[in-house]
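Residue numbers (the UniProt record's numbering): 215 to 475. Virtual Cβ for every residue (Gly too), placed ideally from N, Cα, C.
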Ligand code: ADP
């Protein structure tokens, strides 16, 4: 039966358990808080950089008398470039914040993946041509998947855009689409500069860039792959990367054909 001494033992172990859980929770909250603080400080830094450049450019014009019109034009163009960069960072941040919400916010519909890829490639073709990169699509079969079209478009666009951006002149980006009864498989491979082994585990982190100055020149924010990974994980998909420096990179994406809430 339930004697009073039994109750005391139970009470004690329960208190012990609650206290352990509480400590675990506090520790987890601290980790969350730290990573949020780090994110906010990264955001502030990234947003400040273009502003600092603009301030320097504006000050150097304001401080001078009789500035030649050519110099004005040049500095104004640079300021325009910095504004463009600031806008890109803000847009990427907004995309990321949208992705951070729960998967309940997914807007799922039946999407023809072949058509979706054709649309994405059509939009990216001018950028590829400008970089002299050959963009090829290979669809092995008709594929329809239950996905959030906007988010998956963003995820795939980022991968192909990176393949183009981090390429070499006369390089190529190859996109292929396949499926079985359960999953859709997407492969984006490029003949680009590749990613060093030690960087592979970091590329999905917000603001991470292998080569900060090179990536900045190319117009990278370091948010693209964070957005891509979030979108794919929200769909219960998977993403894997293989890369060899100087040879190229392969991203393999797997998405379930049917969305299970
Ligand atoms: P970014 O906006 O800088 O391109 P991403 O999050 O899309 O940011 O990518 C993070 C970093 O990973 C890039 O800065 C780049 O260094 C590296 N990277 C991504 N994709 C590729 C690729 N296909 N080839 C080589 N490096 C890549």
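Residue i, DSSP secondary structure in three states
| i | result |
| --- | --- |
| residue 428 | helix |
| residue 333 | helix |
| residue 273 | helix |
| residue 292 | helix |
| residue 357 | coil |
| residue 370 | helix |
| residue 250 | helix |
| residue 399 | strand |
| residue 447 | helix |
| residue 452 | strand |
| residue 408 | coil |
| residue 242 | helix |
| residue 377 | helix |
| residue 346 | coil |
| residue 229 | helix |
| residue 461 | coil |
| residue 420 | coil |
| residue 314 | helix |
| residue 341 | helix |
| residue 352 | strand |
| residue 393 | strand |
| residue 322 | strand |
Close-in-space but distant-in-sequence residues of the same chain around residue i (CB under 7 Å, 5 per side omitted)
| i | result |
| --- | --- |
| residue 328 | 353, 356, 357, 391 |
| residue 324 | 358, 360 |
| residue 376 | 438 |
| residue 322 | 360, 361, 362, 473 |
| residue 418 | 439, 440, 443 |
| residue 373 | 402, 442, 465 |
| residue 281 | 275 |
| residue 445 | 313, 365, 366, 368, 369 |
Same chain only: Cβ atoms within 6 Å of residue i, ignoring 5 sequence neighbours per side
| i | result |
| --- | --- |
| residue 256 | 421 |
| residue 401 | 390, 466 |
| residue 452 | 468 |
| residue 450 | 470 |
| residue 380 | 406, 407 |
| residue 334 | 370, 371 |
Where residue i falls, given that 16 or more other Cβ within 10 Å makes a residue buried
| i | result |
| --- | --- |
| residue 286 | exposed |
| residue 264 | buried |
| residue 457 | buried |
| residue 362 | buried |
| residue 350 | exposed |
| residue 365 | buried |
| residue 296 | buried |
| residue 249 | exposed |
| residue 463 | buried |
| residue 241 | exposed |
| residue 306 | buried |
Presumed contact (8 Å Cβ cut-off) between residue i and residue j, rounded CB distance
| i | j | result |
| --- | --- | --- |
| residue 459 | residue 383 | About 17 Å; that fails the 8 Å criterion. |
| residue 386 | residue 405 | 5 Å |
| residue 423 | residue 436 | 5 Å |
| residue 367 | residue 330 | 7 Å |
| residue 268 | residue 293 | 5 Å |
| residue 448 | residue 320 | 6 Å |
Beta-carbon proximity list for residue i, same chain, < 8 Å, skipping 5 on both sides
| i | result |
| --- | --- |
| residue 378 | 338, 341, 342, 345, 347, 349, 387, 404 |
| residue 332 | 351 |
| residue 300 | 261, 264, 265 |
| residue 429 | 423, 436 |
| residue 232 | none |
| residue 395 | 471 |
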